[in-house]
Every structure is written in C-alpha cells, then in structure tokens.
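Trainee: Have a look at the structure that comes next, please.
Residue numbers (UniProt numbering): 1 to 222.
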C-alpha cells in the first residue's frame, strides 16, 4: 500500500462535474463517430495491442480514467484480467451499460489505494492530462509501486508547451478543466523519476480535430 496520500487537486470536484455533464454525449459520440475508439486509429490500436501482448500473463491490469470503458472492454476481449476506474460516476454508468461483462468502479486516481507490486499493467490513456503538474509525479510514483517487476505502464496524452483551459467539449457541453500539455521529453523524464524504464515512444502529429500527441510505454525494472 502507498506510504502517503496524494495531494488532492484543487479543481477535482469541478473536473468530476464537467465529465459527468459530457459523459452521455461522449459515449454517444464514441458509438456513432468513433471518438476514442482505438479500432479506428491503427497506430493507437497497435500501441494497445503491444501493451496487451506484454502484460497479458503478468496479472491484473487497471485502466485509470477509463471513461465509458472502450479500452477496458477491448483488453478484456484480448483475454486480460482488466478493470476500469474513473472519476466520473456518469462515465462509469455508461461503461457498465455498454460493457456489462467488465468490472468498473468510481474513484479519483488521487484516492486509489493500490497494493505494492499487485498489478501487471496500468493504463493512463488520455486520462491524466487534467492532473496538476505537481500531482502527476505523485500519481506516476503510485503506479510504479503498484506494478509488479516486469509490469508495464502505458499513457497517451496531448503534446504542447502551453496548458489549455477547456470551457466546452463533446458537442458544446459546458465544462471546466485544464488540459496540461507536456513535451514528450518532459513526460519521459517524469516517468523515469518515478522509477520506471521507458521502453517505447510513439509521437503522432496533429490531426483534423486533435493536436499532436504522444504514447509512452514504460516498465518497472525486474
């Protein structure tokens, strides 16, 4: 179990309420437009497939910030022992409705109480960018401690030099959260400081509706 509590983000309740408001629209858009569906994005699917191949025999996998559960369900279809957790109760309601075969729970990543060396894999798939810059290193340290030796962490996030305050999202729904953007080398440095060894990095250029992004996979050394 972790030795100390992680700092609670000052805007946590506002972020939770925002994601509750967009949850239904996001789930609908995922089904109708493919937003967030890795099956429609070959490089993202390849990253998740590589992660699944690597951690499949190592033990339980936790999808942190799972939203409506699309990646959780995909990994379950691949045969992984996976569960999802999300800050937003409404996101979890949608996840349970869309993927009743999977396990989901409601929690902030800053409240997770993970046993030392208990997980084969952890995902932070476009779900950690709302964490303040002083909180993300604490969360990465939590993940590093929760992974078994040889276990892997994968994250995808937005790349940039400036943070962006979002005031609407997913069909014009009013929201309030800050997207904290990272340079890939900054994020790699944080992951290394947490005690993980980066093993792969995929940089993606800006697309029609999204800015540049990066996927990083890292291992807890054996």
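All C-beta atoms in this analysis are idealised placements derived from N, C-alpha and C, irrespective of residue type, glycine included.
Since residue 177 is in the beta strand (DSSP E), which residue starts that stretch and which ends it?
Mentor: 173 to 179
Trainee: Classify residue 43 as buried or exposed, calling it buried when 16 or more other Cβ atoms lie within 10 Å of its own Cβ.
Mentor: Residue 43 is exposed by the Cβ-count criterion.
Trainee: Find out if the Cβ-Cβ distance for the pair residue 70, residue 19 is shorter than 8 Å.
Mentor: Result no, Cβ atoms of residue 70 and residue 19 do not sit closer than 8 Å.
Trainee: So, at 6 Å on beta carbons, what are the nonlocal neighbours of residue 215 in its own chain, with the 5 sequence-adjacent residues on each side left out?
Mentor: 47, 156, 202
Trainee: Leaving out five residues on either side along the sequence, give the residues of the same chain with a beta carbon under 7 Å from the beta carbon of residue 127.
Mentor: 64, 65
Trainee: Taking the DSSP output, what are the residues bridged to residue 198?
Mentor: 218
Trainee: For residue 232, does the count of other Cβ atoms within 10 angstroms reach 16, so buried, or fall short, so exposed?
Mentor: As shown, the chain starts at 1 and ends at 222. That puts residue 232 outside it, with no answer to give.
Trainee: Which residue wins for smallest C-alpha separation from residue 144, given the options 222, 79, 32, 195?
Mentor: 195
Trainee: Are residue 163 and residue 183 closer than 8 Å when you measure CB to CB?
Mentor: no
Trainee: Taking 7 Å as the cut-off, does the CB of residue 92 come closer than this to any heavy atom belonging to the ligand HEM?
Mentor: The ligand HEM is absent from the structure shown, which contains no ligands of any kind.
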